[in-house]
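Number of protein chains: 4
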Amino acid sequence: MSRIEAFSDGVFAIAITLLVLEIHVPEDPGNGLGQALLDQWPAYASYIVSFFVIGIIWVNHHAVFDHLQRADRPLLFINLLLLLFVAVLPFPTNLLATYMQEGGADERVAAVVYSGTMTGMGLAFGALWTYASRHGRLLGETLSPPEVQRLTRRFTVGAPIYLLSMLVALVSAPACLALNALLAVYYALPSGGAMPHRIA
Amino acid sequence: MSRIEAFSDGVFAIAITLLVLEIHVPEDPGNGLGQALLDQWPAYASYIVSFFVIGIIWVNHHAVFDHLQRADRPLLFINLLLLLFVAVLPFPTNLLATYMQEGGADERVAAVVYSGTMTGMGLAFGALWTYASRHGRLLGETLSPPEVQRLTRRFTVGAPIYLLSMLVALVSAPACLALNALLAVYYALPSGGAMPHRIA
Amino acid sequence: MSRIEAFSDGVFAIAITLLVLEIHVPEDPGNGLGQALLDQWPAYASYIVSFFVIGIIWVNHHAVFDHLQRADRPLLFINLLLLLFVAVLPFPTNLLATYMQEGGADERVAAVVYSGTMTGMGLAFGALWTYASRHGRLLGETLSPPEVQRLTRRFTVGAPIYLLSMLVALVSAPACLALNALLAVYYALPSGGAMPHRIA
Amino acid sequence: MSRIEAFSDGVFAIAITLLVLEIHVPEDPGNGLGQALLDQWPAYASYIVSFFVIGIIWVNHHAVFDHLQRADRPLLFINLLLLLFVAVLPFPTNLLATYMQEGGADERVAAVVYSGTMTGMGLAFGALWTYASRHGRLLGETLSPPEVQRLTRRFTVGAPIYLLSMLVALVSAPACLALNALLAVYYALPSGGAMPHRIA
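Now the structure itself:
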């Protein structure tokens with residue numbers, strides 16, 4: 002395992018674990034702790050979506066680096082940009098959890114910021130793959146051209162859909178969160194091609 | 002060490018270390034700092050139990066992956082589900098520490114949530130092992146069928162006992178915490194079989 | 002990868018990810034959440050600068066250790082000193098984010114502390130390289146003397162410029178932050194020499 | 002690097018980086034931010050001492066594991082106990098930083114808790130080495146009996162001195178912190194024997 006993968010894995014692991022700090026212990030629950038815990042369901046919903054989004058980006062990041070034979074300086078910085086969006090995710094997650102029950106304009110602003118962060122992450126991921134695969138720049142011999150094209154479609158389709166979810170956010174925050182969850186499910190499904198996951 | 006183990010270890014290490022954020026420095030202690038520190042004994046008790054629970058899950062996670070020869074996509078996501086329960090553990094730990102002295106219904110609600118998280122974790126762990134070992138799917142040749150059966154018993158017995166501790170939680174939060182501690186001791190004991198811990 | 006690199010990478014990855022805790026969810030935004038989010042632009046600006054500063058120090062730390070053949074005890078402690086400044090960075094970042102809009106003396110004090118931390122980090126990095134490369138003490142045979150000289154210039158020029166940014170901080174906090182960003186860009190550019198980034 | 006070392010390194014790296022969360026940004030500083038920052042010098046002093054204590058324990062932990070050829074289950078749990086004390090350190094550090102200026106009984110209570118945590122850590126470290134080295138149980142052939150004896154003296158002398166610092170804490174918190182710093186310096190010095198630090 003190279004140092005760039007180890008460092009990235011560290012950031013993924015920390016960001017995914019820091020998400021829990023967003024779930025607060027209710028203080029002075031008037032109607033009982035049970036009710037207070039149920040009332041903060043947006044915190045759990047956004048926690049779970051963000052957790053699986055980061056987890057799945059990690060899986061796909063893994064898949065990309067399995068195909069790379071070398072890294073250069075630009076790749077390093079595109080990767081750093083991707084990690085910036087991953088590391089910042091606890092903030093919009095917390096924002097959405099706080100404002101999703103509020104209703105009104107604030108709720109939609111929070112959802113737009115959440116989707117906007119996802120869009121940035123999707124763009125950075127697409128850029129990482131596009132930079133690495135263009136003219137086979139950093140790839141090894143393990144992929145045929147059709148496979149590269151299939152992966153390019155897969156890894157660049159996220160950004161426009163996240164962008165679409167920003168529009169949905171203008172209408173409904175829960176619908177926006179649900180769309181993000183759906184996209185996570187899409188990326189969780191096997192890609193139909195040759196991307197076995199080696200373990201040892 | 003594979004990337005899936007490295008990532009999992011990262012989440013284990015971060016979750017176990019984040020637990021400390023639940024122990025708060027007392028502010029304006031009226032009867033002296035010493036008394037205020039003693040009064041928050043539930044924070045220490047739940048810290049210690051959660052610390053060893055995560056530590057022991059890490060040890061057993063390690064034991065499972067020592068026997069795997071490869072990973073596939075479903076295993077990756079079952080593992081992600083397990084990590085979700087591990088990473089969220091600081092929240093119920095904090096919840097229990099806050100409400101364990103309160104008495105009444107809130108204390109028992111906190112204990113039920115704590116045990117419920119443990120149950121989820123136990124179920125995910127059992128699912129991980131069962132998926133990997135069923136029909137020897139992902140195992141190497143290192144285990145005989147009786148050994149697989151013994152490990153299956155060991156790794157699936159946790160969930161029902163955690164479920165039992167949810168019932169205990171309805172009666173007494175400290176008894177529930179004690180039962181969780183006992184289960185940790187059980188998993189800490191050697192399994193009686195061939196699971197030496199290689200270091201190099 | 003050696004344990005000293007792994008430990009350092011861990012600290013880099015955690016410090017860079019903890020930065021997000023400095024960005025707070027606005028509470029009770031009077032003029033709407035959108036305005037409240039825009040108002041805390043210093044938090045985003047200092048987040049981004051600190052994120053890339055840590056990221057780039059990580060890249061250069063990597064470059065230094067690629068050339069080392071061995072480590073001794075003094076190197077270990079100089080490295081620990083560097084990590085102290087990296088790990089503490091979330092504090093001055095938070096300080097600057099909090100006071101950058103305040104104006105007056107407090108804003109400049111915050112900027113001086115921010116630049117001062119960067120200066121300490123630059124000094125520690127320069128000391129790390131100088132100690133390791135003096136008389137070729139810990140280097141392998143991979144670098145020619147002119148290359149060592151070029152890297153020495155590169156790795157020791159940071160501290161005086163950070164020191165300069167402390168003077169700028171006395172006049173303008175935003176100008177000081179911009180100068181720190183510029184220095185990050187300088188270190189992000191390729192060094193013109195032979196420092197390819199191996200990935201596998 | 003084995004998984005037990007990687008996991009331990011993760012906990013060390015996270016605990017050492019979480020220490021920064023104890024340093025708070027002053028709010029509403031009446032006499033100016035500069036003065037408010039100077040007033041919280043105990044936070045910086047205890048941060049620095051705790052940072053180097055964890056760093057040095059990491060170095061010595063590394064030294065111990067360099068001599069181990071294998072690990073068994075008891076070692077795993079003694080190591081987990083050591084990590085518990087390392088991971089909890091941000092709490093007493095924060096406690097000491099908060100109460101060191103208070104004077105009176107509370108200040109001394111905080112110092113006793115700080116020293117007590119260090120004592121526990123010292124005992125766990127001594128137990129780790131003693132268990133591993135007794136009758137050469139887990140050691141390789143790399144150490145002669147006199148070297149083992151020298152290391153045993155070195156790794157078990159910490160606990161009684163930390164215990165002594167608890168007595169000092171009853172009289173003066175700053176003197177107690179200074180004694181802890183001195184002990185860190187002792188462990189930072191080379192051990193006079195054969196413990197070179199391999200890097201690759």
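Residue numbers (this note's numbering), protein chains in the order written: chain A, 2 to 201; chain B, 2 to 201; chain C, 2 to 201; chain D, 2 to 201.
All C-beta atoms in this analysis are idealised placements derived from N, C-alpha and C, irrespective of residue type, glycine included.
Checklist entry - To the nearest whole angstrom, what separates the beta carbons of Leu69 (chain D) and Ala133 (chain D), a pair I think is in contact under 8 Å? => result 6 Å
Checklist entry - Is Leu1 (chain B) near Leu76 (chain B), with beta carbons less than 9 Å apart? => result An answer regarding residue 1 (chain B) cannot be provided, because it is not within the stretch 2 to 201 covered by chain B.
Checklist entry - Is the number of C-beta pairs between the stretch 97-114 of chain C and the stretch 148-159 of chain C that are closer than 8 Å three or more? => result no
Checklist entry - Just checking, does the stretch 49-57 of chain C make contact with the stretch 119-132 of chain A on the three C-beta pairs under 8 Å criterion? => result no
Checklist entry - What residues of chain B sit near Pro208 (chain D), judged by a beta carbon separation below 7 Å? => result Nothing in the structure corresponds to residue 208 (chain D), since chain D is present only between 2 and 201.
Checklist entry - Within the chosen definition, does the stretch 84-95 of chain D reach the stretch 156-168 of chain D through at least 3 CB pairs nearer than 8 Å? => result no
Checklist entry - In the stretch 40-67 of chain C, which residues sit with their C-beta less than 7 Å from some C-beta in chain D, listed in chain order? => result none
Checklist entry - Shortest alpha-carbon distance to Val113 (chain A) belongs to which of C:Leu38, C:Pro30, C:Pro91 and C:Ala111? => result C:Leu38
Checklist entry - Just the Cα atoms here: how many angstroms apart are Gly31 (chain B) and Ser173 (chain C)? => result 44 Å
Next on the checklist: List, in chain order, every chain D residue whose beta-carbon is nearer than 7 Å to that of Arg4 (chain C).
Outcome noted: Met2, Glu6, Asp10 and His63
Checklist entry - For Val114 (chain D), which residues in chain C fall below 9 Å Cβ to Cβ? => result None at all; the shortest Cβ gap to chain C is about 23 Å.
Checklist entry - Can you give the beta carbon distance from Val12 (chain D) to Ala88 (chain D), rounded, assuming they're within the 8 Å contact cut? => result 6 Å
Checklist entry - In terms of DSSP beta bridges, what is Leu140 (chain D) paired with? => result D:Leu69
Checklist entry - If we count the other Cβ atoms within 10 Å of its Cβ and call it buried at 16 or more, is His136 (chain B) buried or exposed? => result exposed
Next on the checklist: I need the straight-line Cα distance from Ala44 (chain A) to Leu178 (chain A), nearest angstrom please.
Outcome noted: 12 Å
Next on the checklist: Going by DSSP in three states, Pro30 (chain A) sits in which element: helix, strand or coil?
Outcome noted: coil
Item to check | Per-residue contacts from Gly31 (chain A) into chain B (C-beta, under 9 Å) | outcome: Ordered by position in chain B, no residue passes the 9 Å Cβ test against Gly31 (chain A), which lies about 11 Å from the chain.
Next on the checklist: I need the straight-line Cα distance from Gly56 (chain A) to Ile24 (chain B), nearest angstrom please.
Outcome noted: 28 Å
Item to check | Inter-residue spacing [alpha-carbon to alpha-carbon] between Leu82 (chain B) and Ala125 (chain B) | outcome: 7 Å
Item to check | Residue environment, Ala14 (chain D), which counts as buried when at least 16 other CB atoms sit within 10 Å | outcome: buried
Item to check | DSSP-derived helix/strand/coil call for Met167 (chain B) | outcome: helix
Next on the checklist: Between which two residues does the alpha helix (DSSP H) holding Ile17 (chain C) run?
Outcome noted: Arg4 to Leu19
Next on the checklist: Beta carbons nearer than 8 Å to chain C: which residues of the stretch 101-133 of chain A have them?
Outcome noted: Ala106, Asp107, Val110, Ala111 and Val114
Next on the checklist: Give me the chain A residues within the contact set of Ile15 (chain B), using Cβ-Cβ distance strictly less than 7 Å, ordered along the chain.
Outcome noted: Ala14, Ile15 and Thr18
Checklist entry - Are the C-beta of Thr99 (chain C) and some C-beta of chain D separated by less than 9 Å? => result yes
Item to check | When B:Glu148, B:Trp42, B:Asp73 and B:Asn61 are compared against Ile5 (chain B), the one with the closest alpha-carbon | outcome: B:Asp73
Checklist entry - Can you tell me the Cα-Cα spacing of Ala16 (chain B) and Pro91 (chain B), whole angstroms? => result 7 Å
Next on the checklist: Suppose the cutoff is 6 Å on Cβ atoms and the five residues either side in sequence are ignored; what does the same chain contact list for Trp59 (chain C) look like?
Outcome noted: Phe13
Next on the checklist: With a threshold of 9 Å between beta carbons, is Ala174 (chain D) in contact with chain B?
Outcome noted: no
Next on the checklist: Cutting at 7 Å between CB atoms, please list the residues of its own chain near Asp167 (chain C), excluding the five before and the five after it.
Outcome noted: Just to set this straight, residue 167 (chain C) is Met in the shown sequence, not Asp. Correct list, in chain order: Val113, Ser116, Gly117 and Thr120.
Checklist entry - First and last residue of the alpha helix (DSSP H) that includes Ser116 (chain A)? => result Gly105 to Ser134
Next on the checklist: Determine, for Ala88 (chain A), whether the minimum Cβ-Cβ distance to residues of chain C falls below 9 Å.
Outcome noted: yes
Next on the checklist: Could you check whether Thr18 (chain A) and Leu19 (chain B) sit closer than 9 Å to each other, using their CB atoms as the reference points?
Outcome noted: yes
Checklist entry - Is DSSP giving Val55 (chain A) helix, strand or coil here? => result Reading off the sequence, residue 55 (chain A) comes out as Ile, not Val. Three-state DSSP puts Ile55 (chain A) in a helix.
Item to check | Exposure label - Ala176 (chain C); buried when at least 16 CB within 10 Å | outcome: exposed
Next on the checklist: Against chain A, does Asn181 (chain B) count as a neighbour if the rule is that its beta carbon must be under 9 Å from one of theirs?
Outcome noted: no
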